[in-house]
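Taking numbering that gives the first Met the number 0, the leading residue of the sequence shown gets 0, the next gets one more, and so forth. See below for the structure under consideration.
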Amino acid sequence: MHLGPTHHERFYWRDGSTIFLVDNTLYKLHMSLLEPHSIVLRDMFTMPAAASGSDESVQEGDSDDSITVRKLDNLLIWFHRVDLTVLDVSALTDILELALFLQWDTARHFAIQVLKDSGLTASHRLSLAISYRIPDWIELAFKDLMDTPPQTFTTEDSMLLGQHIMMLIMTMQAAICHHRLLVAYNLLKLRHHDIACVKQSATCQCNWETA
């Protein structure tokens, strides 16, 4: 037996202005509150409606495959300040992803700031930085990964970073290790002061400064 869409238990507001269908769940939201924050939502409701009968027409209650119930719930929990304590790393990542899709800057900045202080591993930070365009995280995460002993990398690290980045990190770590060994076993000839410096102090000082 096929059941039709059901109202969301929390986010189907009686006085809402616009109905969204996500998976098999209907949301009735106040677009006058939401659209000022999102470029995508604002453009969606200011574009001229498509001609009646056109395949491209968008009706209230249409569904978008880029949005899931879980992701939209987490975004709305943040927006309506329902209970921010339930927003764990997974939920914050949902907000980050949906904020990028909807071009919602305040939601994006919120998720980035909270995730920044959530104790993410370097692999997780680099993965999020690449996936969701957070350039400020890339350099520090990469440096942390370069300082990570190769034997401590986990399967989760490999899944987060992918084979290409893991190979890049391993190759760079090996190159750095090789360079350190070259320096350790091929010490530079050290300069020492001797009695000649007393008579030629100016020349000696110059040699030290230009060495």
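Even for Gly, the Cβ is constructed at its ideal location relative to N, Cα and C. Quantities reported herein were computed from a predicted structural model and do not represent experimental measurements.
Assigned exposure category for residue i - 16 Cβ within 10 Å defines buried
i, result
"Asn73", "buried"
"Thr202", "exposed"
"Leu159", "buried"
"Thr45", "exposed"
"Thr24", "buried"
"Ala174", "exposed"
"His7", "buried"
"Leu71", "buried"
"Glu96", "buried"
"Leu91", "buried"
"Leu86", "buried"
"Asp135", "exposed"
"Asp22", "exposed"
"Leu181", "exposed"
"Arg156", "Sequence inspection shows Asp at residue 156; the Arg mentioned does not correspond to that position. The residue is buried, with at least 16 neighbouring Cβ atoms inside 10 Å."
"Leu33", "buried"
Secondary structure of residue i, DSSP reduced to three states
i, result
"Arg9", "strand"
"Leu20", "strand"
"Tyr131", "coil"
"Ser65", "coil"
"Ser37", "strand"
"Leu28", "strand"
Pairwise C-alpha distance: residue j and residue i
i, j, result
"Ile137", "Leu144", "11 Å"
"Lys115", "Asp93", "15 Å"
"Asp14", "Lys27", "8 Å"
"Ile18", "Gln112", "31 Å"
"Tyr11", "Ser31", "15 Å"
"Arg179", "Pro149", "16 Å"
"Leu125", "Leu119", "10 Å"
"Leu20", "Pro4", "8 Å"
"His177", "Ala183", "10 Å"
"Phe141", "Thr153", "16 Å"
"Thr170", "His123", "20 Å"
"Phe78", "Leu2", "30 Å"
"Thr213", "Phe100", "Residue 213 cannot be examined here, being either before or after the span of the chain that is shown, 0 to 210."
"Ile76", "Asp82", "7 Å"
"Leu139", "Ile168", "14 Å"
"Thr84", "Leu186", "56 Å"
"Ser16", "Arg69", "22 Å"
"Arg41", "His29", "13 Å"
Any non-hydrogen atom of the ligand ATP closer than 8 Å to residue i Cβ
i, result
"Thr84", "Summarising the ligand content, the structure contains no ligands, and the ligand ATP is consequently not present."
Distance between beta carbons of residue j and residue i, contact taken as under 8 Å
i, j, result
"Thr147", "Ala121", "7 Å"
"Val218", "Ser117", "Outside the shown range of the chain, which is 0 to 210, sits residue 218, and nothing can be said about it."
(Q) Assess contact between the segment 126-145 and the segment 159-177, defined as three or more Cβ pairs (one per stretch) separated by less than 8 Å. Is contact present? (A) yes
Q: Could you say if the segment 97-105 and the segment 23-39 meet the contact criterion of at least three C-beta pairs nearer than 8 Å?
A: yes
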